[in-house]
Structures are given as structure tokens and as C-alpha cells.
Amino acid sequence: PATPTTPDAIHMNELLSKMVAKGCSYCFIEVSSHSVVQNRIAGLVFTGGIFSNITHDHLDFHKTFDEYLKAKKRFFDELPSTAFALTNIDDRNGQVMLQNCKASKHTYSLQRMADFKGRIIESPLDGLHLDFDGYETWCRLVGKFNGYNLLAVYAASILLGQDKLEVLTILSNLESVEGRFDYIKSPQGTIGIVDYAHTPDALQNVLETINQLRSGNEMLITVVGCGGDRDKSKRPVMARIAARLSDRVILTSDNPRSEVPEDIIAEMLTGVEKENARNVQNITDRHDAIRIACAMSRNNDVILVAGKGHEKYQEINGERFPFDDKEMLKKYLL
194 PATPTTPDAI HMNELLSKMV AKGCSYCFIE VSSHSVVQNR IAGLVFTGGI
244 FSNITHDHLD FHKTFDEYLK AKKRFFDELP STAFALTNID DRNGQVMLQN
294 CKASKHTYSL QRMADFKGRI IESPLDGLHL DFDGYETWCR LVGKFNGYNL
344 LAVYAASILL GQDKLEVLTI LSNLESVEGR FDYIKSPQGT IGIVDYAHTP
394 DALQNVLETI NQLRSGNEML ITVVGCGGDR DKSKRPVMAR IAARLSDRVI
444 LTSDNPRSEV PEDIIAEMLT GVEKENARNV QNITDRHDAI RIACAMSRNN
494 DVILVAGKGH EKYQEINGER FPFDDKEMLK KYLL
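Below, the structure is given as C-alpha cells:
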């Protein structure tokens, strides 16, 4: 259990020391933009760094997107010459990370020529048929965004000296991380998906993935909220995306923290366009929102519960209450 994505420098070194004592050979860290600015990774020598993408997020802390971008880039600027810098050149800021970087530079892409080139051959609801550098493989993860994630892992593994075919074999056996396109299927064929999507880009990615996999007759019902005491500017954007890409939307509470849940939902509603408004309703209680979404679904429909993913709590007025989106779906679908 941890609070920040990236621990402080002292706690980080304590954890690394324990890993070494336990015989760990590798440690992969998600370095948040906050932690770069706050020097939480001070003193660490990285073997490599991976840039996947950058989207509208954390502006409550960085204030502007430019400052957020600079924080991400600072990590790559500080990589030593002995390290590698691997970047997704399909993201328009991918090349920015490599500018003035002392590390050896490498690229990956699903859309253009790159050092590590991937292609999605098929993308059904139960996995991905992929081609990485001319080698075909089947992976159990779903959606284009996971195609990028798998390609990044593949590329990093090769840069770390691993055997190409062994890496592909291991990737084909990976299962979905809890709370990331994590789905169950009811006896009637209704699919309930839990995803951690809590930014506009992430929500759009998961909704577009679902829509690409639909045959067209199913109804897509999205249950989504926004966290309190966080970047308010993304609230109307997320509601607008949900309303555009779903058949029905229920706006509800996420982790309201110190804010009034109804106020957060009201801010989200301002982003819903007039032509989509009749398909959107608000139900403050997250439990009720999921229950009603399940009740309104028909056989083979898809329900997306977005925002909290793997979290097993709701944070309200400084207190954490037990809550599990997937358990709620199981309760009303199975």
C-alpha cells in the first residue's frame, strides 16, 4: 500500500534496499511529474526511461500544460549517458523528450517507422493479434492503448538485453492488471468493464476501444465521475467525451474528498452538448449509479464504470470508505 505514485527519496531507497536483499534484479518505477519537480528521485541512477504519452492532467499542481511537459522532460534531461531513452513517436511530444537528452535515443511506434515497429493485426474483445518487428504474437490484453504498452515493454526488454522470442512468449501470457479494462461477463452476455480512466484522454481511449469492438447493436452505458480537490478543468471535458461516445451516461461521485459531490457533477454537466443531454443523468451515490446502470442494461450490452479502477475505497471528507466497482458489477450482473 502506498499514497503517492512515487515515494519520497528516503523511502524509495529503503524499498530498493529491501528489493536487493530479496534478490530482485530489476526495478521499474512509475516516475510521476510531481516527483520529478519535488526531487523524490534524487540520487537514483536510472538504466533507462520510457515515455508513453502525455495528456491533460495534473494542472491543479503544474498550473499549465507547458509546465507539466517541462516536468516530464526534466526526467529525460537528467538521464545519464549510460542510460537509454525510449519514446513513443506517435505522441506529438514524443520527440520533445529526446531533445538535449544525453542517454542513447530509441523510438517505438504503431503508425510509422521507428526503431521498434509494431502493428495491430486484429483487436477483438478478448485480446490482440500483434506484429512486433516481423514476429507475430497473441496477447490477452485488450485495446490499442495496450498495443502501445506491450510494444514499450517489448522494446525496453530488448534494450535490457533480453532474448526477443522469450520476451514475446512472456508477453503472450500476461493478464490484465486489476482495474485496467478489467471485465466480467454475465450469463446473459452483458459485459461490465472497470477501468481506471480518470483523465479525458484515458476515458476517450477506453470508450473508443469499446466502440471499435462493438458489433453495433449493443448499448454502451458509461458510469463516470471526477475526483474532488483535483484539476477542475477536466470535469466538463470528461462529461462531454462520455456523452459523445456512449448511448447512456450516468454522472456520479468518484472520490469527492473535501468537495460537495453534487457541485462536481454540476461542473461536469456544463460540458455536455445539448444534443446529448437527454442521454445523461446524474446519480450522486456511486452504488446506486452502478445498480441502475446494470438494471437498465439488456442482453449483450456493455457497461463501463470509469475512474476508480483498482481502488477499493471512496474518499469522502477525509475518510476512506470501502468500495469496489468490480464487486458492485458482480453483485448486479452475476
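Using the working numbering, read the sequence shown as starting at 194 and increasing by one per residue. Glycine included, C-beta positions come from ideal geometry on N, C-alpha and C.
Rounded C-alpha distance that separates residue i from residue j
i      : j      : result
Leu438 : Ile414 : 10 angstroms
Asn339 : Lys378 : 20 angstroms
Arg333 : Phe374 : 11 angstroms
Val465 : Pro429 : 7 angstroms
Ile476 : Ile458 : 9 angstroms
Ala276 : Arg305 : 24 angstroms
Ile485 : Ala432 : 18 angstroms
Thr383 : Val453 : 33 angstroms
Ala395 : Ala349 : 23 angstroms
Thr445 : Gln474 : 9 angstroms
Gly409 : Glu223 : 37 angstroms
Where residue i sits in the DSSP three-state scheme
i      : result
Gln405 : helix
Val417 : strand
Glu371 : coil
Cys487 : helix
Tyr525 : helix
Lys263 : helix
Phe221 : coil
Beta bridge counterpart(s) of residue i as assigned by DSSP
i      : result
Lys378 : Ile384
Val301 : In the sequence on display, residue 301 carries Tyr and not Val. Note: Tyr301 sits in a beta bridge opposite Asn281, Phe309.
Asp324 : Arg312, Glu329
Leu444 : Val417, Asn475
Glu512 : Ile509
Gly497 : Here residue 497 is Leu; the residue named in the question, Gly, does not match the sequence. Beta-bridge pairing links Leu497 to Ile386, Thr415.
Thr243 : According to the sequence shown, residue 243 is Ile rather than Thr. Answer is Leu279.
Arg450 : Ile509
Other residues of its chain near residue i: CB distance less than 8 angstroms, five sequence neighbours each side excluded
i      : result
Ile247 : Tyr261, Leu262, Lys265, Asp284, Asn286
Met412 : Asp440, Arg441, Ser490, Arg491, Asp494, Val495
Ala307 : Ile282, Thr300, Tyr301
Asn398 : Gly336, Lys337, Phe338, Ala390
Closest Cα partner of residue i within the set the options
i      : options                        : result
His391 : Leu367, Met461, Gln474, Ala488 : Met461
Arg450 : Tyr506, Ile476, His299, Asn492 : Tyr506
Glu271 : Asp517, Ile234, Val495, Ala348 : Ile234
Ser365 : Cys217, Ala348, Leu343         : Leu343
Pro273 : Ser297, Val213, Gly421         : Ser297
Glu520 : Ala214, Arg479, Ile509         : Arg479
Ser225 : Lys215, Thr240, Phe244         : Phe244
Lys524 : Ile483, Asn510, Glu512         : Ile483
6 angstroms Cβ shell around residue i - same chain, five flanking residues per side excluded
i      : result
Val417 : Ala435, Ala499, Gly500
Neighbourhood of residue i by C-beta, 7 angstroms cutoff - its chain only, sequence neighbours within 5 removed
i      : result
Lys310 : Ser302, Asp326
Lys425 : Glu460
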